[in-house]
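According to our numbering, the sequence shown holds residues 19 to 402 in order.
Written below as structure tokens is the structure these notes are about.
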Amino acid sequence: VYYYTWNRIPERLHLKVGWLYAGASFFTLFIINGILTFMLTPGAAWLEVAGSGQEASRFFQAFFNPTYWPSLFLRTLVCVSLAGLWALVTASRLDGNKQGALKTEVIRWSFGWLLPAFFLMPICFLWYLYQVPESQSQLLGLGISTIGSGTFTQVTRTALITVMTSATILCIAYLVAYRNPREFGFGYAVCLLVLGLAATGSTEKAREMLRKPYVVGEHMYSNGIRKTPVGEPHITEVEKFNSEGYLTQSLWATEEERVAWAEFDHTWNGGVQLASETLGPQVAPETLRRGELMFQGQCLACHTRDAYRSMKNFLRDRDLTSIRNMLGMLHDYKEDSPYRAFMPPLVGTETEREALALYLNEMAHGGEQAQPAEPVHQVARTNN
């Protein structure tokens, strides 16, 4: 509407349309920021009632959570700086020879949007980090403290991209655009815009990684398993799944499969003895099916079989014993575990964990055997 009404409606009305558009855009930021920051820092008030059914009573405490305001200021400054970069793209297309004075004025006015944002963003970022729980912020601190040895955490690498691209933008914008506005061309402006988008994207990725291993901080892990007690009796889903079984509650399994597994476990003593270090046809299809469903429920939120964070690539140099040891560390979830900082605990009975180990081993080394297995209730009927 703002674009197509240019020079078609009175100027004052057109400005009102622009301000309305800006206000509506900021309101969406105001709402979405509350959702995203809640996922990182839901706040002590909300966590007190999490899982009790009374979560809605703490709506405003959860929405205006500890990182809400620093994140809102930080995102607003990012929007301001991106507005300045887009203005530079528009101004760069002016002819410096024919419209030199106008181009100089517009470019320096656009640079004025960048300068305060870039100086205030570090302050807001430090404010934001101060509100982030230590268990999450230590990932960034660990990467910084080990720079000398070349050991970077992923979140530190991503944060460094933000710092380097932001510094590059400020230098180029001042030395090329502000100092030589008439010579500032479209190519320079596009490069600055690409750097700005890269900085924005890397910052969002760093924010996502800071939240690991949770999807809602201190409440729900990234695979949907809740850490806080839910309902009566007050036991966590981790404890419940470890004692009763993960697939007995999982939506991934059908009721027929659950009944067939119970019969299979009773007959075969869990089916664990069917497997050995020299795997092959002796791995029962129902065991692979169970392992596949464990993988779908607890791994696919962050990993894929062949593409993004491929489990095949990750496990290709591991044998079955190594896979079992890795899963054991994830299940024990000790304080000194190297996986604890960014991965949720592995839950399930011993039989289910063994089935997952066998499935992962087949995925990494068994070729077609790791493809979706035949549903266990069909296998049970065939065997009967």
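Ideal placement from N, C-alpha and C gives every residue a C-beta, glycine not left out.
Exercise for the section: Using the DSSP secondary-structure output, state which residues sit across from residue 328 in a beta bridge. Expected result: Answer is 322.
Exercise for the section: To the nearest angstrom, report how far apart residue 70 and residue 375 are at their CA atoms. Expected result: Their Cα atoms are separated by approximately 35 Å.
Handout entry: Counted within 10 angstroms of its Cβ, other Cβ atoms place residue 46 as buried (16 or more) or exposed
Key = Exposed.
Practice task
Would you decide whether residue 26 is buried or exposed? Buried here means 16 or more other CB atoms lie within 10 Å of its CB.
Solution key: With fewer than 16 other Cβ atoms inside 10 Å of its own Cβ, residue 26 counts as exposed.
Handout entry: Closest Cα partner of residue 105 within the set 121, 91 and 116
Key = Per the C-alpha coordinates, the member of 121, 91 and 116 positioned closest to residue 105 is 121.
Exercise for the section: With DSSP as the reference, label residue 124 as helix, strand or coil. Expected result: If DSSP states are grouped into helix, strand and coil, residue 124 belongs with the helices.
Practice task
Could you pull out every residue in the same chain whose Cβ sits closer than 7 Å to the Cβ of residue 84, ignoring the five residues on either side in sequence?
Solution key: For residue 84, where only same-chain residues beyond five positions count, the Cβ hits under 7 Å are 59, 61 and 149.
Problem - Three-state class that DSSP yields for residue 365 in the structure shown - result: In the displayed model, residue 365 falls within coil according to three-state DSSP, outside both helix and strand.
Problem - CA nearest to the CA of residue 313, picked from 334, 268, 279 and 340 - result: The shortest Cα separation from residue 313 among 334, 268, 279 and 340 belongs to 268.
Practice task
Could you name the residues that DSSP lists as bridge partners for residue 232?
Solution key: Looking at the DSSP assignment, residue 232 forms a beta bridge with 239.
Practice task
Return yes when the Cβ of residue 20 is within less than 9 Å of the Cβ of residue 36, no when it is not.
Solution key: Cβ atoms of residue 36 and residue 20: closer than 9 Å.
Problem - Bounding residues of the alpha helix (DSSP H) (the contiguous stretch that carries residue 115) - result: Where residue 115 is concerned, there is no enclosing alpha helix (DSSP H), given that its DSSP letter is neither H nor E.
Problem - Nearest neighbour of residue 183, chosen from 221, 204 and 155 [CA to CA] - result: The residue with the shortest Cα to Cα distance from residue 183 is 221.
Practice task
In the DSSP assignment, find the unbroken alpha helix (DSSP H) run with residue 351 in it and report its ends.
Solution key: That residue, residue 351, is in no alpha helix (DSSP H); it is neither H nor E in DSSP.
Practice task
Return the bridge partner residues of residue 244 from the DSSP annotation.
Solution key: Per DSSP, 238.
Problem - Where residue 145 falls: helix, strand or coil (DSSP) - result: DSSP places residue 145 in helix when its eight states are reduced to three.
Handout entry: Run of the alpha helix (DSSP H) containing residue 22, from where it starts to where it stops
Key = No alpha helix (DSSP H) holds residue 22; DSSP gives it neither H nor E.
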